Amino acid sequence: MTIIPFPTLSLNERLARLALPPQTGQLPIVIDTDPYNEIDDQFAITYALSSPERFEVKALYAAPFANERSGFDEGRGMATSFETAQTILAKLQTQGASTPPVYRGSTRFATSPTDPSGFQGEAIHSDAAAHLIQLARTQPDDAPLYVVAIAAITNIASAILLAPDLIRKIIVVWLGGHPHNYHDTNEFNLQQDPFATRVILDCGVPLVLIPCFNVTEHLSLTTNEVQTRVAPHGEIGAYLAHEFVKYAAEHHADSRAIWDMGPFAWLVNPDWVETAIMPTPILGTSPLQTEGYSAPHLHKKRQANKSRPAHCAWSIDPRRHVMLEALRLNRDAIFADFYRKLAGFATNSRS
Ligand SMILES: [Ca+2]
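Set out below in structure tokens:
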């Protein structure tokens, strides 16, 4: 086994990285995204690009994903993410947004599908990982790059494995997993690639974890709200509403959580997302049982692609390096800001 010499941050250095971002001024960010997987990435990307007062979006990275929409093929997931990202950016461009380049990410997960424990894995070369390495290295040590990850963390973990010096150059803000005290962390982004998740948790990169259940779960939108507050606002508003309604209809539900807005909301205004410093949890995995298991949707996934998504749960060692975890958020303030920016964006593009 190769021991990778990850740089070590002192406690003070780490706390300085995890300090709340200054409430004014532009932050350099890249976005690692799987926008064909669901509908929330599209909203989150639009929010980021309609917030130029806050974000200098330097690149989008297409992330792999495996679900029904990619035929349980993560390579196809990345390819569709890449295409969808370009579609969104083209619509934003017509409304006058300055749009960043998109890079193809990994065509597979770092976790071997034949190893449900997720202990085996490797860095995977991709255009996205190469760009992140090159870009992050140009950042001064006192102005790190925010890596906003709203997908499986394969691309980012691979970049860190290929270039461990990135630990001093980036802050990862990841929409992944459930809260540290939840009874499992069987969350889509995390569970798809347990090896990459472990790299992020264990390598010591400054990490802000934005969990799903009980936190970004509250970023829920209804069809009615989307049709009245999103659809009227330009080509991008019409597109987002169309995708939302289509997706909701597919699932026979009236509301959907826009999970991926969470990391951007914290960066736009930390007052909207309450956080706490805590030991970085350890990811435990065990093979998914084929019978008598209480997560039938995972069993169905396994049957569909013959892969073995692991059952994931946190354990806590209080001696571990610390991270920042989101505990709750102000849903109304976040969507009010999004609607205000979307409306202004559409108005500006007409003028
Ligand atoms: Ca996503």
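So in this note's numbering, the last one in the sequence shown is 394, and the numbering has no gaps at all. Glycine residues also receive a C-beta, built at the ideal position from the N, C-alpha and C atoms. A quick note: this is a predicted structure, and the numbers were derived from the prediction, not measured.
DSSP beta-bridge partners of residue i
{"i": "residue 327", "result": "356"}
{"i": "residue 269", "result": "Paired residue(s): none; residue 269 is not in a bridge."}
{"i": "residue 215", "result": "190, 250"}
{"i": "residue 398", "result": "With the chain covering only 44 through 394, there is no way to say anything about residue 398."}
{"i": "residue 320", "result": "367"}
{"i": "residue 70", "result": "98"}
Counted within 10 angstroms of its Cβ, other Cβ atoms place residue i as buried (16 or more) or exposed
{"i": "residue 57", "result": "buried"}
{"i": "residue 179", "result": "buried"}
{"i": "residue 235", "result": "buried"}
{"i": "residue 55", "result": "exposed"}
{"i": "residue 59", "result": "exposed"}
{"i": "residue 141", "result": "exposed"}
{"i": "residue 68", "result": "exposed"}
{"i": "residue 134", "result": "buried"}
{"i": "residue 44", "result": "With a pLDDT of 47 at residue 44, under the threshold of 50, the modelled position of that residue is not reliable, and no figure is offered here."}
{"i": "residue 138", "result": "buried"}
{"i": "residue 51", "result": "exposed"}
{"i": "residue 76", "result": "buried"}
{"i": "residue 380", "result": "buried"}
{"i": "residue 47", "result": "exposed"}
{"i": "residue 271", "result": "exposed"}
{"i": "residue 62", "result": "exposed"}
{"i": "residue 120", "result": "buried"}
{"i": "residue 259", "result": "buried"}
Which of helix, strand or coil DSSP assigns to residue i
{"i": "residue 83", "result": "helix"}
{"i": "residue 89", "result": "helix"}
{"i": "residue 337", "result": "With a pLDDT of 45 at residue 337, under the threshold of 50, the predicted position of this residue should be treated as unreliable, though the coordinate-derived value follows. Residue state, collapsed to three classes: coil."}
{"i": "residue 306", "result": "helix"}
{"i": "residue 207", "result": "helix"}
{"i": "residue 178", "result": "helix"}
{"i": "residue 395", "result": "This structure leaves residue 395 out entirely; the chain is present only between 44 and 394."}
{"i": "residue 369", "result": "strand"}
{"i": "residue 199", "result": "helix"}
{"i": "residue 166", "result": "coil"}
{"i": "residue 63", "result": "coil"}
{"i": "residue 52", "result": "coil"}
{"i": "residue 362", "result": "coil"}
{"i": "residue 184", "result": "coil"}
{"i": "residue 47", "result": "coil"}
Minimum Cβ-Cβ distance from residue i to chain E less than 9 Å
{"i": "residue 198", "result": "Considering every chain present, this structure includes no chain E. It has just one protein chain."}
TODO: List in chain order: all unbroken beta strand (DSSP E) runs of 3+ residues lying wholly within the stretch 97-158.
DONE: If one requires a minimum length of 3 residues, the beta strand (DSSP E) runs lying completely within the stretch 97-158 are 98-105, in chain order.
Open item on the list: My parser needs the alpha helix (DSSP H) runs of 4 or more residues fully inside the stretch 217-293; what are they?
Closed with: Runs found: 231-235, 237-245, 266-272, 277-293.
Task: Stretch-stretch touch, CB-based, cutoff 8 Å, three pairs: the stretch 171-186 with the stretch 296-309 - done: The stretch 171-186 vs the stretch 296-309: no contact.
Task: Touch test, the stretch 97-109 against the stretch 238-258, Cβ-Cβ under 8 Å, three pairs minimum - done: Segment contact: the stretch 97-109 against the stretch 238-258, fewer than three CB-CB distances shorter than 8 Å; contact not assigned.
TODO: May I ask you to verify whether the stretch 269-289 touches the stretch 82-91, counting CB pairs closer than 8 Å and requiring at least 3?
DONE: At 8 Å Cβ cutoff, the stretches touch.
Open item on the list: Below 8 Å, how does it come out for the stretch 303-311 and the stretch 250-265: are there three or more Cβ pairs, yes or no?
Closed with: Output reads yes: the stretch 250-265 touches the stretch 303-311.
TODO: Decide yes or no for the touch test of the stretch 121-135 against the stretch 219-234: beta carbon pairs closer than 8 Å, at least 3 of them.
DONE: The stretch 121-135 and the stretch 219-234 do not touch, with fewer than 3 CB-CB distances between them shorter than 8 Å.
Task: Any 3 or more C-beta pairs closer than 8 Å across the stretch 104-115 and the stretch 181-199 - done: Yes, they touch.
- [ ] Indicate whether the contact test is met: 3 or more Cβ pairs, each with one atom in the stretch 271-286 and one in the stretch 307-323, closer than 8 Å.
- [x] At 8 Å Cβ cutoff, the stretches do not touch.
- [ ] Count the C-beta pairs between the stretch 166-174 and the stretch 201-217 that are closer than 8 Å, then say yes if the count reaches three, no if not.
- [x] Below 8 Å, enough C-beta pairs join the stretch 166-174 and the stretch 201-217 to call them touching: three or more.
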